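Read the structure below first, then the notes.
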Amino acid sequence: MTMLEGRTVLVTGASKGIGAAITTAMLDAGARVIAHYGRDRAGAEAAITSAPDRARLVSADFADPACIPAFWAEVCAEGLPDVLVNNAAIMRQAGGIADDAALWDDTWDEAWRINVLAPAQLMRLAVRDWLAAGRQGGIIGIGSWVTTRGTTNPGAIAYAATKAAIAAATKTVARNHAKDGILAYVIAPGVVATQMSVESAERTGGVAAVTAQLPMGEWVPPQEIAELAVFLASGRARHLTGATLDINGAAYIR
56 MTMLEGRTVL VTGASKGIGA AITTAMLDAG ARVIAHYGRD RAGAEAAITS
106 APDRARLVSA DFADPACIPA FWAEVCAEGL PDVLVNNAAI MRQAGGIADD
156 AALWDDTWDE AWRINVLAPA QLMRLAVRDW LAAGRQGGII GIGSWVTTRG
206 TTNPGAIAYA ATKAAIAAAT KTVARNHAKD GILAYVIAPG VVATQMSVES
256 AERTGGVAAV TAQLPMGEWV PPQEIAELAV FLASGRARHL TGATLDINGA
306 AYIR
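The sequence shown maps to residues 56 to 309 in the working numbering.
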């Protein structure tokens, strides 16, 4: 499969879960991939094993948004990427309304920096550089169904709010830059088969209880999200720009 041959894709949070699946799928589709990771280099290395010759690993701690300009410069050392996949995010299982003030403040501060400021800065830099170079580009934001339905996990209130914020920013880019050939989409998964979702389920009745509420009786495989991201990265769905694409097995229909 060579749908993305000749295209370069930056995937943030490539070392585990959805990000790792997207990284592998982009490589399998023929793309060159810049795989971002925080501390888990081994996870990122595992995600690129199918085509290490077309992959490059770049590390950055998104908890410090001040690192983003230097990170972007390193990403672009061999040329501008064609597609930015804003996947990296954090979801703490505590820091909700019932928790103490210090934990609340720390959780919201961390979620704001990692889930909003860092990916927003990456979008800004990418769009500015695409415009300056007269290039088209694509942004794929990995959102969540909690941005529109809220979350039943009391500790994930900051996660839900910050994912909604970056989704709105992504859609704003889509509205303002469609005329420039810069396409932006949000993929909004439901319950995905990742460790993050397992940890969240433990706060809301357990894995079996969460699964029982799903019409398909199963969690969304990360590979299905990755396949959708590959299609969007191809640029074949230009008039989908600005769309939020739900992928939740009919668990939330709107």
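Note that the Cβ used here is the ideal one computed from N, Cα and C, for glycine as well. Because the structure is a prediction, the values reported are computed rather than measured.
Collapsed DSSP secondary structure at residue i in the structure displayed
i, result
"S255", "helix"
"I322", "Because the chain is modelled from 56 through 309, residue 322 falls outside the range shown and cannot be assessed."
"G196", "strand"
"Y214", "helix"
"D301", "strand"
"A121", "helix"
"I152", "coil"
"A90", "strand"
"L59", "coil"
"L320", "This structure cannot settle anything about residue 320, because the visible part of the chain is limited to 56 through 309."
"Q292", "One point to set straight first is that residue 292 is Ala, not Gln, in the sequence displayed. Coil."
Assigned exposure category for residue i - 16 Cβ within 10 Å defines buried
i, result
"S105", "exposed"
"K234", "exposed"
"P244", "buried"
"M81", "buried"
"A102", "buried"
"R183", "exposed"
Proximal residues to residue i (C-beta, below 7 Å), its chain only, five neighbours per side dropped
i, result
"W159", "G150"
Residues near residue i in its chain [Cβ-Cβ closer than 8 Å; skip 5 each side]
i, result
"A222", "G196, G198, T202, V241, A243 and T299"
"E282", "A80"
Neighbourhood of residue i by C-beta, 6 Å cutoff - its chain only, sequence neighbours within 5 removed
i, result
"Q148", "G210, E254 and R258"
"R111", "I89"
Should the stretch 205-218 be called in touch with the stretch 271-281, which here means at least 3 C-beta pairs below 8 Å?
no
Can you give, in chain order, each stretch of the alpha helix (DSSP H) that sits fully within the stretch 157-194 and has at least 4 residues?
173-188
Is it true that the stretch 185-197 meets the stretch 249-269, where meeting means three or more beta-carbon pairs spaced less than 8 Å apart?
no
Mind pulling the alpha helix (DSSP H) runs of 4 or more residues that sit fully within the stretch 229-285?
250-256 and 262-267
If you pair each beta-carbon of the stretch 163-177 with each one of the stretch 197-217, do three or more pairs fall below 8 Å?
Taking a cut-off of 8 Å for Cβ pairs, the stretch 163-177 and the stretch 197-217 touch, as three or more such pairs fall below it.
Does the count of Cβ pairs from the stretch 59-75 and the stretch 132-144 closer than 8 Å reach three?
With the cut-off at 8 Å, the stretch 59-75 and the stretch 132-144 touch.
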